[in-house]
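Novice: Have a look at this one before I ask anything.
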Amino acid sequence: MSPLLFYFVAGIIIIPALAVVLSENLFHAGLSMIVSFLGIAAIYAMLSAPFVAAMQVLVYAGAIAVILLFAFMLTHDIMRPQQETTRLQQSASAAACLVLGGFMLRVMAGSGWETLERQAAEGIPVGKLGESFLTSHLVPFELVSLLLLMTLVGAIVIARKEERIRGDE
Amino acid sequence: MIGLFHFLGLASVLFCIGLYGVLTRRNAVAVLMSLELMFNAVNINLVAFSHYRPEITGLAFSLFVIAVAACEATVGVALVLSVYRNQKDIDLEHTNTLRW
Amino acid sequence: MKDSWVHNPAGEYLNHLSRQAIGQEIPVLLLMVIMLVIVLVFLAVSALFLIWLERKVSARIQNRMGPMLTGPGAFKNGSMWTGGLLQTAADAIKLLLKELIIPDRADPVPFIMAPVLIFGVSVSAFLVIPFAPALSVADLNIGILYVISVSSLTVLSIIMAGWSSNNKYSLLGGLRSAAQMLSYEIPLMFALLGPILMAGTLSMQGIVTAQHELGLWFIVPSFLGAVIYYVAAIAEVNRPPFDIPEAESELVAGYVSEYSGMMFAMFFLAEFSNMMLVSAIAATVFLGGWAVPFMEIPEDPTLLYSLLGAVVFFIKMYFLILVMMWIRWTFPRVRPDHLMNLGWKFMLPLAFVNLLICSGVAILQAEAERAEKVLHWGPVLGLSFVSLAIVFWALSRFREKEGQHYALVPRPLAVSEEDQ
Numbered sequence: 000m001s002p003l004l005f006y007f008v009a010g011i012i013i014i015p016a017l018a019v020v021l022s023e024n025l026f027h028a029g030l031s032m033i034v035s036f037l038g039i040a041a042i043y044a045m046l047s048a049p050f051v052a053a054m055q056v057l058v059y060a061g062a063i064a065v066i067l068l069f070a071f072m073l074t075h076d077i078m079r080p081q082q083e084t085t086r087l088q089q090s091a092s093a094a095a096c097l098v099l100g101g102f103m104l105r106v107m108a109g110s111g112w113e114t115l116e117r118q119a120a121e122g123i124p125v126g127k128l129g130e131s132f133l134t135s136h137l138v139p140f141e142l143v144s145l146l147l148l149m150t151l152v153g154a155i156v157i158a159r160k161e162e163r164i165r166g167d168e
Numbered sequence: 000m001i002g003l004f005h006f007l008g009l010a011s012v013l014f015c016i017g018l019y020g021v022l023t024r025r026n027a028v029a030v031l032m033s034l035e036l037m038f039n040a041v042n043i044n045l046v047a048f049s050h051y052r053p054e055i056t057g058l059a060f061s062l063f064v065i066a067v068a069a070c071e072a073t074v075g076v077a078l079v080l081s082v083y084r085n086q087k088d089i090d091l092e093h094t095n096t097l098r099w
Numbered sequence: 000m001k002d003s004w005v006h007n008p009a010g011e012y013l014n015h016l017s018r019q020a021i022g023q024e025i026p027v028l029l030l031m032v033i034m035l036v037i038v039l040v041f042l043a044v045s046a047l048f049l050i051w052l053e054r055k056v057s058a059r060i061q062n063r064m065g066p067m068l069t070g071p072g073a074f075k076n077g078s079m080w081t082g083g084l085l086q087t088a089a090d091a092i093k094l095l096l097k098e099l100i101i102p103d104r105a106d107p108v109p110f111i112m113a114p115v116l117i118f119g120v121s122v123s124a125f126l127v128i129p130f131a132p133a134l135s136v137a138d139l140n141i142g143i144l145y146v147i148s149v150s151s152l153t154v155l156s157i158i159m160a161g162w163s164s165n166n167k168y169s170l171l172g173g174l175r176s177a178a179q180m181l182s183y184e185i186p187l188m189f190a191l192l193g194p195i196l197m198a199g200t201l202s203m204q205g206i207v208t209a210q211h212e213l214g215l216w217f218i219v220p221s222f223l224g225a226v227i228y229y230v231a232a233i234a235e236v237n238r239p240p241f242d243i244p245e246a247e248s249e250l251v252a253g254y255v256s257e258y259s260g261m262m263f264a265m266f267f268l269a270e271f272s273n274m275m276l277v278s279a280i281a282a283t284v285f286l287g288g289w290a291v292p293f294m295e296i297p298e299d300p301t302l303l304y305s306l307l308g309a310v311v312f313f314i315k316m317y318f319l320i321l322v323m324m325w326i327r328w329t330f331p332r333v334r335p336d337h338l339m340n341l342g343w344k345f346m347l348p349l350a351f352v353n354l355l356i357c358s359g360v361a362i363l364q365a366e367a368e369r370a371e372k373v374l375h376w377g378p379v380l381g382l383s384f385v386s387l388a389i390v391f392w393a394l395s396r397f398r399e400k401e402g403q404h405y406a407l408v409p410r411p412l413a414v415s416e417e418d419q
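Protein chains in written order, with numbering that gives the first Met the number 0: chain A, 0 to 168; chain B, 0 to 99; chain C, 0 to 419.
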């Protein structure tokens, strides 16, 4: 896999991510987030994980991004100007993130990753993934399905309109 | 040559960008968007390791992370909508009425 | 890369031909451009033909003639069967010459990207459709999952179009359309799970060869799934009777209100190409794809066999598109709440039942393999009959009760005290 391709896709991920955190127009932030997600799907494809790449597009770009865009559209108040945080908070956060990032990169660069071998470009077949969901990873699988059920019920309960009669309590 | 370090480096950079967004943004929906970036950084890590050590654990857990991120975004959005309905304002600097 | 998860059968075939013709292979970039051009030309020509066909079919259903004078009928006072063939070309030229108006307060970047994205998504999904054994541009081992995931990006394009138009009718139309498409993606995916189980693979070519080996089109055991898929596909493409987002009498033109000229043509083209895409998927997954009945699949498909397979595939695909056009002028438009009711409370439980039936057939297949038979025909046909019976039962829920005056609302599967 050529370095040019990797850096191109990395650019597709990082530059829109910067737009997400720095952009004033939240709709543009949402759209840049989608571009970033598609770039990450390309990374998964490069890492021989086509199933996870398809899931990334389907769930993140197709569902989560839509939820967040809907949330933006429903809570957008055009009368109120977007306010930014203070310079102090911005510089402090930037410093903290740079320190954390530098530390992580330093630790990773110092470790010996070259001893690991790359696996075949075929990737792990989807059937094996399904088997593992029902044998070795059964417990997380069932817990995630329970979590999804709770999310479904909980989100509807939290976000629905209240139909209480005023003056009752 | 592109090795594991490049993918992990990409994930770290993305994580830190997301962290900056979470710490800095005032709109709740913007914070949720930056949070999704952090989830994705973790996922890149998992999938990269699964490529370099042919085990199924990385891929399986990355799918679980995707599912959990979907749940978290949904409930987060429901909460944001609920707050908006009550206070008409989702600026995080103003939603501090429990703290006196 | 022979051992990668993506193959390029069409590219390999073209390389094979070029090696025979000029003695060397085509460079990779040029190969990609050639195949993309072929797909785009196919889509454009098909869309031109289909728009003419739609106008003729709807005209004949409504007991009128349709376009008669442009094209072969120009100098003969109109021609009934081939009249108006160039009408679509004339419309396309007209749209090309129109001014591209971007409203002043609209957001220019999403406004322009929305039609590009929706057409790009359609083209990307077409790259995995197997037209013939050697004629799919990419044979991914996750073929059908790729198509589903890429089609889910059309929702984003519609939201972008609706919001960036800065127009409340566009926004309402866009959000309604997004809700409709999101709701119907789920029964669509579940209906496709049945054939995937029975085929044992996600790859589109694999599904076609599995049907050929089974000796049975997947529409037979999974009839319920086929019906659910088809109805959900019509809702996905925003075709009537599910065309609330484009309802002229309600929302001006929905999310395309502010678009003019070529951008509008792009949305229109994308709708037709989406229609072709879902029909192509249905033809592949449920109707057997390019597999010619009663003929063995050769190991190394010759050009003649490929062309025969492609013809068979096109017959199936265009038949399904004709049925979609027929349905358009047969049913009244579905009300939005009825639409949600139908999708979530009716089709989704039935899709689960279909999954059960198809799992049964898959188990029977495995048993038959172990017992070294081709298939246990008895139980499989029994399950197919169960599937057929459930479809008829489901249709019977649409019968009118006393006091109910509309026919496209099923009585709910659960007892509900709400008045419908």
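Don't be surprised by glycine CBs; every beta carbon is placed ideally from N, CA and C. All of these numbers come straight from a predicted model, not from anything done at the bench.
Do we get a CB-CB distance below 9 angstroms when we pair V152 of chain A with the residues of chain C?
Specialist: Numbered from 1 along the first sequence, position 153 holds the residue referred to as residue 152 of chain A. No, its Cβ sits nowhere closer than 9 angstroms to a Cβ of chain C.
Novice: Can you confirm whether I77 of chain A, when its beta carbon is compared against all beta carbons of chain B, has any partner nearer than 9 angstroms?
Specialist: Here residue 77 of chain A is taken as the residue at index 78 of the first sequence, counted from 1. I77 of chain A does not count as touching chain B.
Novice: Could I get the ranges of all uninterrupted beta strand (DSSP E) runs contained in the region 53–108 of chain A, with 3 residues as the minimum, in chain order?
Specialist: The qualifying runs do not exist here; there are none.
Novice: Take every Cβ of the region 45–55 of chain A, pair it with every Cβ of the region 42–51 of chain B, and state whether three or more of those distances are shorter than 8 angstroms.
Specialist: Output reads yes: the region 42–51 of chain B touches the region 45–55 of chain A.
Novice: Quick one: Cα of I170 of chain A to Cα of V28 of chain B, how far?
Specialist: No information on residue 170 of chain A is available, as it lies outside the stretch 0 to 168 that chain A covers here.
Novice: Could one say the Cβ of P49 of chain A lies closer than 9 angstroms to chain C's Cβ atoms, at least one of them?
Specialist: Counting from one through the first sequence, the residue named residue 49 of chain A turns up at place 50. It does; some Cβ of chain C falls within 9 angstroms.
Novice: Exposed or buried, what is P2 of chain A when buried is set at 16 or more other beta-carbons lying within 10 Å of its beta-carbon?
Specialist: Taking the first sequence and counting its residues from 1, the one referred to as residue 2 of chain A is at position 3. Looking at its Cβ environment, which holds fewer than 16 other Cβ atoms inside 10 Å, P2 of chain A is exposed.
Novice: Would you verify that the beta carbon of S151 of chain C is, or is not, closer than 9 angstroms to some beta carbon of chain A?
Specialist: Reading the third sequence from its first residue, position 152 is the one you call residue 151 of chain C. Chain A contact via Cβ: present.
Novice: Could you check whether the Cβ of A9 of chain A sits closer than 9 angstroms to any Cβ belonging to chain B?
Specialist: Taking the first sequence and counting its residues from 1, the one referred to as residue 9 of chain A is at position 10. Closer than 9 angstroms to some Cβ of chain B, the Cβ of A9 of chain A qualifies, so yes.
Novice: What does a CB cutoff of less than 6 angstroms around V414 of chain C pick up in its chain, not counting 5 residues either side in sequence?
Specialist: On the third sequence, position 415 is the one that residue 414 of chain C refers to. Confidence in V414 of chain C is poor, its pLDDT being 49 and thus under 50, which makes the residue's placement unreliable; the coordinate value appears in the next sentence. Excluding residues within five positions, none has a Cβ falling inside 6 angstroms.
Novice: Which whole-angstrom value describes the C-beta separation of T23 of chain B and Q89 of chain A, a residue pair presumed to lie in contact below a C-beta threshold of 8 angstroms?
Specialist: As a working mapping, residue 23 of chain B is identified with position 24 in the second sequence. As a working mapping, residue 89 of chain A is identified with position 90 in the first sequence. Indeed, because the Cβ distance is near 6 angstroms, the residues count as touching under 8 angstroms.
Novice: Beta-carbon within less than 7 angstroms of M0 of chain C's beta-carbon, same chain only, minus the 5 sequence neighbours each way: which residues are those?
Specialist: Looking up residue 0 of chain C in the third sequence gives position 1. Confidence is the limiting factor: at M0 of chain C the pLDDT is only 34, short of 50, which leaves the residue's position unreliable, though a coordinate-based value still follows. If we look at M0 of chain C and ignore the five residues flanking it on each side, it has no Cβ neighbours.
Novice: Since N140 of chain C meets chain A, which of its residues come closer than 8 angstroms, beta carbon to beta carbon?
Specialist: The residue labelled residue 140 of chain C in the question sits at position 141 within the third sequence. Residues of chain A passing the Cβ test: P49, P124 and V125.
Novice: So who's on the other strand from N237 of chain C, going by DSSP bridges?
Specialist: Locating residue 237 of chain C in the third sequence gives position 238, counting from the first residue. DSSP lists no partner for N237 of chain C.
Novice: Output yes or no for whether 9 angstroms exceeds the beta carbon distance between L354 of chain C and L192 of chain C.
Specialist: Stepping through the third sequence from its first residue, residue 354 of chain C is reached at position 355. Stepping through the third sequence from its first residue, residue 192 of chain C is reached at position 193. Cβ distance < 9 angstroms, so L354 of chain C and L192 of chain C count as in contact.
Novice: Thinking C-alpha only, which one of C:A113, C:P114, C:M112 and C:I141 is nearest L126 of chain C?
Specialist: Numbered from its first residue, the third sequence carries residue 126 of chain C at position 127. Out of C:A113, C:P114, C:M112 and C:I141, C:I141 has the C-alpha closest to the C-alpha of L126 of chain C.
Novice: Which residues, in chain order, does the region 16–28 of chain A contribute to contact with chain B at a C-beta distance below 7 angstroms?
Specialist: Listed in sequence order: A16, L17, V19, V20, L25 and A28.
Novice: With a 10 Å radius around its C-beta and 16 neighbouring C-beta atoms as the bar for buried, classify D418 of chain C as buried or exposed.
Specialist: Locating residue 418 of chain C in the third sequence gives position 419, where the first residue counts as 1. In this prediction, D418 of chain C has a pLDDT of 49, which is less than 50 and means its spatial position is unreliable; nothing more can be read from the coordinates.
Novice: In chain A, which residues lie less than 9 angstroms from D106 of chain C when you measure between Cβ atoms?
Specialist: Taking the third sequence and counting its residues from 1, the one referred to as residue 106 of chain C is at position 107. What D106 of chain C touches in chain A: N24, F26 and H27.
Novice: In this structure, how does DSSP classify L95 of chain C when only helix, strand and coil are distinguished?
Specialist: As a working note, residue 95 of chain C is residue 96 in the third sequence. The answer is helix: DSSP assigns L95 of chain C an H, G or I state.
Novice: What residue range does the alpha helix (DSSP H) around A269 of chain C cover?
Specialist: As a position in the third sequence, residue 269 of chain C is number 270, starting the count at 1. Where A269 of chain C is concerned, the enclosing alpha helix (DSSP H) stretches over M261 to V284.
Novice: Does the CB of M54 of chain A have a neighbour CB from chain C at under 9 angstroms?
Specialist: Position 55 of the first sequence holds residue 54 of chain A. Yes, because at least one Cβ of chain C sits closer than 9 angstroms to the Cβ of M54 of chain A.
Novice: Just list the residues that DSSP pairs D138 of chain C with in beta bridges.
Specialist: Sequence index remark: in the third sequence, residue 138 of chain C carries index 139 (1-based). In DSSP, D138 of chain C forms a bridge with C:H6.
Novice: Is N26 of chain B helix, strand or coil when you go by DSSP?
Specialist: For this step, residue 26 of chain B is matched to residue 27 along the second sequence. Note: N26 of chain B maps to strand in three-state DSSP.
Novice: Going by DSSP, what residue range makes up the alpha helix (DSSP H) through Y304 of chain C?
Specialist: Looking up residue 304 of chain C in the third sequence gives position 305. Here the alpha helix (DSSP H) through Y304 of chain C covers L302 to R327.
Novice: Spatial neighbours of V34 of chain A within its chain, please: C-beta separation below 8 angstroms, excluding the five flanking residues on both sides.
Specialist: Looking up residue 34 of chain A in the first sequence gives position 35. I11 and P15.
Novice: Find the residues of chain A that neighbour T96 of chain B, judging by a C-beta separation of less than 7 angstroms, and give them in chain order.
Specialist: Numbered from its first residue, the second sequence carries residue 96 of chain B at position 97. Within chain A, no residue comes near T96 of chain B; the closest Cβ sits about 18 angstroms away, beyond 7 angstroms.
Novice: Report yes if the CB atom of M493 of chain C is closer than 9 angstroms to the CB atom of Y183 of chain C, and no otherwise.
Specialist: Limits of chain C in this structure are 0 at one end and 419 at the other, which puts residue 493 of chain C out of reach.
Novice: May I have the straight-line CA-CA distance separating V170 of chain A from S131 of chain A, to the nearest angstrom?
Specialist: Since the displayed chain A opens at 0 and closes at 168, residue 170 of chain A lies outside it and no answer follows.
Novice: For T283 of chain C, count neighbouring Cβ atoms within 10 angstroms of its own Cβ and tell me buried if that reaches 16, exposed if not.
Specialist: The count along the third sequence starts at 1 and reaches residue 283 of chain C at position 284. When all chains shown are included, T283 of chain C counts as buried.
Novice: Using the rule of at least 16 other Cβ atoms within 10 Å of the residue's Cβ for burial, across every protein chain shown, is D138 of chain C buried or exposed?
Specialist: Your numbering for residue 138 of chain C matches position 139 in the third sequence. Buried, because 16 or more other Cβ atoms sit within 10 Å of the Cβ of D138 of chain C.
Novice: By Cβ distance, which residues of its chain are closer than 7 angstroms to E168 of chain A, with the 5 residues on each side in sequence left out?
Specialist: On the first sequence, position 169 is the one that residue 168 of chain A refers to. Note that E168 of chain A scores 44 on pLDDT, short of 50, meaning its location in the model is unreliable; the coordinates nonetheless yield the value given after this. Once the five neighbours on either side are set aside, E168 of chain A has no close Cβ partner at all.
Novice: Comparing alpha-carbon positions, which option in C:A388, C:T301, C:F384 and C:I195 lies nearest L16 of chain C?
Specialist: If you number the third sequence from 1, residue 16 of chain C lands on position 17. When only C-alpha atoms are compared, the closest one is C:T301.
Novice: What residues of chain C sit near G61 of chain A, judged by a beta carbon separation below 7 angstroms?
Specialist: Here residue 61 of chain A refers to the residue found at position 62 of the first sequence. Within 7 angstroms Cβ-Cβ: S148, S151, L152 and V154.
Novice: Quick check: the region 209–227 of chain C against the region 278–292 of chain C, are at least 3 beta-carbon pairs closer than 8 angstroms?
Specialist: The region 278–292 of chain C is in contact with the region 209–227 of chain C.
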